[in-house]
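S.K.: Protein chains in written order, with the working numbering: chain A, 1 to 542; chain B, 543 to 986.
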C-alpha cells in the first residue's frame, strides 16, 4: 500500500489525533511519519562508500536504517504501557588490509557519515597488524536499485491503538473468566526500514514487518501456582495474523488447538484458563521412556536449538567459541557424506524466503539475494548456513544469504535463516501420528529449554502435556521435560504429519554474538513422533 | 558525540520539557560510546566502535500514559517525540495503578566513571587481544575472545523538579581457549569500571591452564556432589533468584516467596522476615560499593542506597513498585542494580585444598527455569570441570547437566571464599554439598 494513501485512510475516524510534522499530517499512533527519501539514502550511502575507498578500503557497505517498534503491554484489566520507539542511523563496514572494520553513527549529516566510514577504515587498519588470513568474499553481482517489502495486508503500525488494546484486554478477560488469576499480554510490532549499499553496485531498499502477540497466564491453587503461555507464533506479516481465521486452526482431539497462518488470541486465552484449572489438578508424570508426539509450536524450538544453531558455520569453525559455543556437527562429519544426523525420513532445509516467516527478506544484510537450500537430506548432513566471507571455507563460492544485523548500530554477521522440517509426502494428520502410539506424551507449546555449547545434550519442557494411551489422548499431566542427545533424538524420529499440518513457529529474540544481538527466525514443521525418549519429572520440594 | 555533560543534558531536557502540554512529563536521556574487538581462531574477526543516544519521553494526562523514544535531536524531532508520547497517552485507557512522577531528589556521590576507560583506542584494543592470542599460539592452542569498553551516561528530568545525571565506564573481557583437537577448553572473564585494572595476558593464562588441563576428561556418574562453584558459575543462579525477589508476585501467590495460605487463613502473604537460607548468606545491593559501583538512582530517579535483600539467611527486603508499596503500606524499594554477596577470606585455591572429594565448576551455561515455585533451574557446566580428591585437582571430568535450585544451594553451604567482581556484581566462590547433576554431556 502506498504510504500517502494510508495517511488519508488512517485519518478517518482519528482526525482529532492528526498532528502536523514536517508539513505532513500524521496520526501519532501510527509511527509512520518522515520516511527517508530513497534518493537521499543513496546519496548518503555513496558518501560513506567513497570516503571508505578514499582511505584505502577494498570493499565497503553502508546500511542506513530506520527502526520503528511499538509495544503495548496489558495486565488483567488494564494497560501497563504503550511505547513507540524510533531509531535511525548508519553503519559502515569495510575491508582494509584484508581486515574487517566497522563504525556507526546516528548523526546522518554528510560530514558525520564520511567520518564514520573513515573510522571504520581506521579500525580495520589497526587490527590488520594482527590479521593472519585476509578476508575472502564470495562474489556478489551488484543488483542496482531494487526494493522489497514483507507481504502483508494490514500494516500493524497503521492499526489504531484502541483496536490493539481492546484485543488484548478481551483476551485477558477470556483467560480470567475461564480460570486464570493473572495474565499479562503484549503486542510487539517491528518495522525495519533498511537501505543497503555496497561497492559491488547494489542499492537495496527493504521494508520488513514482524509481529508477536504473546500472553502469560497464571492460576493459583491450594498447592501452588501454574503457568500457561500463549500458543501463537511470532510472524513476518501484518496485523492480519491476528484475524484468527477458522481454516488456520488445527484441533487435536482431547488436546489443544494449534494455529497456522493466523491466530485467535481470545480463543487461545480462554483455552489457557481452562487448561490452567486442569494443570492445578493434573497428575505428575512418572519418569521413564516415552514415545513423544510433538506439536509444531513446540518442535520449532527443538529444531532451532538442535539443528539451527549447530549448523551455523561460524559456530562450526570456532568464531562463536567464546560465547554461543562451537558445534558437534564438525566439518569432517559433513565431508564424510554419511553422517546420519537423523532417521531417513528427516529432511531439514534452510531458507529466507517462506511467506509469513520471520527470516523472510529479499536480500540479506550484505546484499545477497535470499534462497532455499538443504541442510539434512534423507537423514544425512549435507550443508551449513554461511555468509560471503565464510563459504570458501566449505569449498563453495556462493553465499547462502545469512548475514543480518539487529540495527544500523551493530555490525552484521552470520545469523540463522529459517530452518524447517519437511512434512511427510503423504498428507497424514496429527491424529494419524498419535493413533499408533501405545504409551506416549503429546507436548504442545514451547517451555523451558536448555542445550550445551556444542549442541549434544538438551532438555526441553512445554506448555501442555497430554498422556497418550493406546493411540488416544487421555488426560493432561504435569512436570514433564525430556532429555536427549541431538543425533540420538533425530534418529528416533519415526512418523510425521503431512503438509496440511505444517506450521511455522518462531523465535522473536534469538541472541548471538559479542556484543550480543537479537534476530528473529522461524521454523516450520508438522506434528512429529520420536520414539523411546527419556522423560524426567521436574517437580521438586525445597 | 553521544556522551554529553551534565550541563548540556540539563539544557537539552529543559528544552524538551518546554514542548510538553501534558500534566506530567518525564524524560530519560541515555547515551553510549563504546568500542570492541572480537577475535577467534587466533586472529581478529570483527571490531568496531558504536555510539548512540536515545531520548525516551513519558507523558501523562491524569492516569493515562504514553511513551515514545527517538535518537534524533533536532528541534523538529524533539517536538515530534513529545507530541507522539502525548498522543499515545490520550489513546491509552486510564491506568488505575498509575503513580505520579517523583519530585526533586538528593543522591549519593557517584563513583562509576574512570577516565582510563574513556581513553581506550582501537590500537589499545588490538594490543589487548594480541596479549591473549600470542601465548595461545605459543602453546599450540586456539584463542577466541571479546573485549568491549563503554562510556555511558544517564540523565532524567521531569516537570516536578527532578533532575539526575550520571556517567559510568565499564570494561568486559572474556576468553575461551581450546586445544587444536577440540578435546580441551578453558575460559576466564574479567569485568571492571577502570580499564587500567585489565590484564588480558593474566586472564588468558587462567584459560590456557584450564584448556590444557581439561583434555582427556573422564566420565563420572550423574548424582549429588560437593561442588566448588567459581563466582562465574554461581552468578547466573543468584541473578535469577534475585530477579524473582519481587514483593508483588509473592503477595499474589505466584513466587517462591509466597506464603501458601489456606482458604480463610489470615497471615502474611510473603516470606519477609523468614529465615530461608544458611545464616552465612547475606546479599545486598549498594551503588557505592568500591569495586562494583553503579549509578546512585533508579530509572524513575528514585535515590538508591544500600539495601539488604537477605541478611544472615533471613529475607530482609523485597523490591516493589511505587503502587504496590502504597497499596500494601510498605516502603518503596526499587530493584537493586548490583548483587553483593558477602563471603569469607579463603581463596579458591584454599577451598580446593580443604576439599576431600568434590567437583570444581568454572561456569554454568544455558540456565533456564524448570519450576518457578521452587526456583528449580537446569543448565550445564562448561569450559573447565574438574574432580577434586584429597585437596588436589585429580583429573578433568565430562560436563554435567544440573537440575538444581539456588534455594537448596544456599542452604547447603560448606564454605564461602573471597568475593570477586563479576558482571558488575561481587560474588564469592562457594563450596556447596549435594548439588544435583542429572545427566552427562559430550560437549567440550
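All C-beta atoms, glycine included, are put in the ideal place defined by N, C-alpha and C.
1) Smallest Cα separation from residue 71 of chain A: which of A:185, A:177, A:139?
2) Compare the C-beta of residue 635 of chain B against all C-beta atoms of chain D and say whether one is closer than 9 Å.
3) Quick one: list the residues of chain A neighbouring residue 561 of chain B, beta-carbon separation under 7 Å, in chain order.
4) Give me the chain A residues within the contact set of residue 608 of chain B, using Cβ-Cβ distance strictly less than 7 Å, ordered along the chain.
5) Round the Cβ separation of residue 818 of chain B and residue 949 of chain B to the nearest angstrom and send it over; I've been treating them as touching at under 8 Å.
6) Output, in sequence order along the chain, the residues in the segment 251-262 of chain A whose CB is closer than 8 Å to any CB in chain B.
7) Pull out every residue of the segment 573-592 of chain B whose Cβ sits closer than 9 Å to any Cβ of chain A, in chain order.
8) For residue 423 of chain A, collect the residues of the same chain with a Cβ closer than 6 Å to its Cβ; drop the 5 residues on either side in sequence, then sort them by chain order.
9) Does the Cβ-Cβ distance between residue 390 of chain A and residue 375 of chain A come in under 9 Å?
10) Taking residue 972 of chain B as the reference, give the member of B:779, B:912, B:873, B:785 with the closest Cα.
11) Report all residues from its chain with a CB closer than 6 Å to the CB of residue 568 of chain B; omit the five preceding and five following residues, and keep chain order.
12) To the nearest angstrom, how far is the alpha carbon of residue 816 of chain B from that of residue 809 of chain B?
13) Tell me, please, whether the segment 390-400 of chain A touches the segment 217-225 of chain A by the rule of three or more beta-carbon pairs shorter than 8 Å.
14) Are residue 318 of chain A and residue 575 of chain B close, meaning C-beta to C-beta below 9 Å?
15) Are any of the Cβ atoms in chain B nearer than 9 Å to that of residue 24 of chain A?
16) Name the DSSP bridge partner or partners of residue 924 of chain B?
17) Using a Cβ cut-off of 8 Å, which residues of the segment 442-459 of chain A contact any Cβ in chain B, in chain order?
18) Quick test of your reading: residue 708 of chain B and residue 877 of chain B, contact by CB under 8 Å. State the CB separation rounded to the nearest angstrom.
19) Can you tell me which residues form a DSSP beta bridge with residue 343 of chain A?
20) Any residues in the segment 676-708 of chain B with a beta carbon nearer than 7 Å to a beta carbon of chain A? Which ones, in chain order?
21) For the segment 87-110 of chain A, which residues have a beta carbon sitting closer than 9 Å to at least one beta carbon of chain B?
22) Would you mind stating whether residue 454 of chain A and residue 323 of chain A have Cβ atoms separated by less than 9 Å?
23) So, under 8 Å CB-CB, residue 179 of chain A and residue 273 of chain A are touching, yes? Tell me the CB distance rounded to an integer number of Å.
24) Which residue marks the beginning of the alpha helix (DSSP H) containing residue 44 of chain A, and which one marks its end?
25) To the nearest angstrom, how far is it from the Cα of residue 530 of chain A to the Cα of residue 290 of chain A?
26) Specify the secondary structure class of residue 207 of chain A as computed by DSSP and reduced to three states.
27) Using the Cα positions of residue 477 of chain A and residue 212 of chain A, report the straight-line distance between them to the nearest angstrom.
28) When the Cα atoms are used, what is the spatial distance from residue 145 of chain A to residue 203 of chain A?
29) Using a Cβ-Cβ cut-off of 9 Å, state whether residue 817 of chain B counts as contacting chain A.
30) Counting along the chain, where does the beta strand (DSSP E) carrying residue 441 of chain A start and finish?
31) Would residue 176 of chain A and residue 312 of chain A be called neighbours here (beta carbons separated by less than 9 Å)?
32) Look at the Cβ atom of residue 637 of chain B, then the Cβ atom of residue 598 of chain B, and state whether they are nearer than 9 Å.
33) In terms of alpha-carbon separation, which member of A:40, A:154, A:535, A:445 lies closest to residue 229 of chain A?
34) Classify residue 170 of chain A as helix, strand or coil using the three-state DSSP reduction.
35) Looking at residue 413 of chain A: is its Cβ nearer than 9 Å to the Cβ of residue 513 of chain A?
36) Please identify the residue among B:734, B:935, B:756 whose C-alpha is closest to the C-alpha of residue 718 of chain B.
M.R.: Result, derived from the coordinates:
1) Start at 1 with the first residue of the first chain, and residue 71 of chain A comes out as number 71. Cα-wise, what sits closest to residue 71 of chain A is A:185.
2) Within the model displayed, chain D is absent; protein chains A and B are what it includes.
3) Stepping through the second chain from its first residue, residue 561 of chain B is reached at position 19. Near residue 561 of chain B there are no residues of chain A at all, since even the closest Cβ is about 12 Å away, more than 7 Å.
4) On the second chain, residue 608 of chain B is found 66 positions in, with the first residue counted as 1. Neighbours of residue 608 of chain B on chain A, chain order: 82.
5) For the purposes of this step, residue 818 of chain B is taken as residue 276 along the second chain, with counting starting at 1. For the purposes of this step, residue 949 of chain B is taken as residue 407 along the second chain, with counting starting at 1. About 7 Å separates the two Cβ atoms, so the contact holds.
6) none
7) 576, 577, 578, 579, 580, 581, 582, 583, 584, 585, 586, 587, 588, 589, 590, 591, 592
8) To locate residue 423 of chain A, count along the first chain from 1; it is residue 423. Contacts found: 498, 499, 502, 526.
9) As a first step, residue 390 of chain A is located in the first chain; it is residue number 390 there, counting from the start. As a first step, residue 375 of chain A is located in the first chain; it is residue number 375 there, counting from the start. No; because the gap between Cβ atoms is not below 9 Å, this pair is not in contact.
10) Translated into the one-based positions of the second chain, residue 972 of chain B becomes position 430. Measuring from the Cα of residue 972 of chain B, the nearest candidate turns out to be B:779.
11) Position 26 of the second chain, counted from the start, is the residue given in the question as residue 568 of chain B. Contacts found: 600, 643, 700.
12) Residue numbering aside, residue 816 of chain B sits at position 274 when the second chain is read from its first letter. Residue numbering aside, residue 809 of chain B sits at position 267 when the second chain is read from its first letter. Rounded to whole angstroms, residue 816 of chain B to residue 809 of chain B spans 13 Å at the Cα level.
13) no
14) The count along the first chain starts at 1 and reaches residue 318 of chain A at position 318. The count along the second chain starts at 1 and reaches residue 575 of chain B at position 33. Going by C-beta atoms, residue 318 of chain A is not nearer than 9 Å to residue 575 of chain B.
15) Sequence index remark: in the first chain, residue 24 of chain A carries index 24 (1-based). Since pLDDT at residue 24 of chain A reaches only 31, below the 50 mark, its modelled position is unreliable, and the value read off the structure follows with that caveat. Closer than 9 Å: no.
16) For the purposes of this step, residue 924 of chain B is taken as the residue at position 382 of the second chain. Beta-bridge pairing links residue 924 of chain B to B:905.
17) 448, 449, 450, 451, 452, 453, 454, 455, 456, 457, 459
18) Residue mapping note: residue 708 of chain B aligns to position 166 of the second chain, counting from 1. Residue mapping note: residue 877 of chain B aligns to position 335 of the second chain, counting from 1. The Cβ separation is near 17 Å, so there is no contact.
19) Along the first chain, read from residue 1 onward, the residue named residue 343 of chain A stands at position 343. Answer is none; residue 343 of chain A lacks a bridge partner.
20) 684, 686, 687, 688, 690
21) 87, 88, 89, 91, 93, 99, 100, 101, 102, 103, 104, 105, 106, 107, 108
22) Taking the first residue of the first chain as 1, we reach residue 454 of chain A at position 454. Taking the first residue of the first chain as 1, we reach residue 323 of chain A at position 323. It is not a contact, given that the beta carbons lie outside the stated cut-off.
23) For the purposes of this step, residue 179 of chain A is identified with residue 179 of the first chain, where counting begins at 1. For the purposes of this step, residue 273 of chain A is identified with residue 273 of the first chain, where counting begins at 1. Going by Cβ atoms, the distance from residue 179 of chain A to residue 273 of chain A rounds to 4 Å, so yes, they are a contact pair.
24) Taking the first chain and counting its residues from 1, one reaches residue 44 of chain A at position 44. Per DSSP, residue 44 of chain A belongs to the alpha helix (DSSP H) from 38-54.
25) Here the question's residue 530 of chain A lines up with position 530 in the first chain. Here the question's residue 290 of chain A lines up with position 290 in the first chain. Near 9 Å, if we compare the C-alpha coordinates of residue 290 of chain A and residue 530 of chain A.
26) Within the first chain, residue 207 of chain A is the residue found at index 207, counting from 1. Of the three classes helix, strand and coil, the one that applies to residue 207 of chain A here is strand, per DSSP.
27) What you label residue 477 of chain A is simply residue 477 of the first chain in a count that begins at 1. What you label residue 212 of chain A is simply residue 212 of the first chain in a count that begins at 1. Whole-angstrom Cα-Cα distance: 28 Å.
28) Counting from 1 along the first chain, the entry for residue 145 of chain A is found at position 145. Counting from 1 along the first chain, the entry for residue 203 of chain A is found at position 203. Using only the alpha carbons, I get a separation of about 5 Å.
29) Taking the second chain and counting its residues from 1, the one referred to as residue 817 of chain B is at position 275. Judged by the 9 Å Cβ criterion, residue 817 of chain B is not in contact with chain A.
30) Position 441 of the first chain, counting from 1, holds the residue named residue 441 of chain A. 439-451 is the extent of the beta strand (DSSP E) around residue 441 of chain A.
31) Counting from 1 along the first chain, the entry for residue 176 of chain A is found at position 176. Counting from 1 along the first chain, the entry for residue 312 of chain A is found at position 312. Not closer than 9 Å, so no.
32) Position 95 of the second chain, counting from 1, holds the residue named residue 637 of chain B. Position 56 of the second chain, counting from 1, holds the residue named residue 598 of chain B. No. Outside cutoff.
33) Reading the first chain from its first residue, position 229 is the one you call residue 229 of chain A. It is A:445 whose Cα lies nearest to the Cα of residue 229 of chain A.
34) Start at 1 with the first residue of the first chain, and residue 170 of chain A comes out as number 170. It is helical.
35) In the first chain, the residue the question calls residue 413 of chain A occupies position 413. In the first chain, the residue the question calls residue 513 of chain A occupies position 513. Their beta carbons are under 9 Å apart, which means residue 413 of chain A touches residue 513 of chain A by this criterion.
36) Working through the second chain from its first residue, we reach residue 718 of chain B at position 176. Of the listed residues, the one whose Cα sits closest to residue 718 of chain B is B:756.
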